[in-house]
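Q: Quick one: this structure, given as structure tokens, is what I'll be asking you about.
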Amino acid sequence: PLVITRYTELMNGIIDTEDDAKILREKGIILNHLKSDQEVANMWNGMSKSLRLSRVPFLDKTIEDVNKFYHNALKIKM
191 PLVITRYTEL
201 MNGIIDTEDD
211 AKILREKGII
221 LNHLKSDQEV
231 ANMWNGMSKS
241 LRLSRVPFLD
251 KTIEDVNKFY
261 HNALKIKM
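Residues 191 to 268 (the working numbering) are what the sequence shown spells out, left to right.
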């Protein structure tokens, strides 16, 4: 159950908007069998409202590292 909770937290963290879902779908990272990318965003954002945050140290560190990379001004954007 903890793994599913963390996966839901992760997906909610990277899918906030319709555009987020669209990018992930177009890159083949997620599949969308719903009616729209907006429904995907609504689904993930809605699911996380009923979860309490869990703590898994190695996953927390990975998420922290990804966030640091994303916010690093020196990275090259493609």
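C-beta: ideal position from N, C-alpha, C; glycine also.
Select from 255, 248, 210 the residue whose C-alpha is nearest the C-alpha of residue 233.
A: Ranking 255, 248, 210 by Cα distance to residue 233 puts 210 first.
Q: Determine the extent of the alpha helix (DSSP H) in which residue 222 is found, giving its start and end residues.
A: Here residue 222 belongs to no alpha helix (DSSP H), and DSSP marks it neither H nor E.
Q: In whole angstroms, what is the alpha-carbon distance linking residue 258 and residue 216?
A: Cα to Cα, the separation comes out at about 25 Å.
Q: Return yes when the Cβ of residue 231 is within less than 7 Å of the Cβ of residue 180, no when it is not.
A: Within the shown structure, residues of the chain are numbered from 191 to 268, placing residue 180 beyond reach of any answer.
Q: With 16 as the cutoff for other CB atoms within 10 Å, does residue 205 come out buried or exposed?
A: Answer is buried; the Cβ neighbour count reaches 16.
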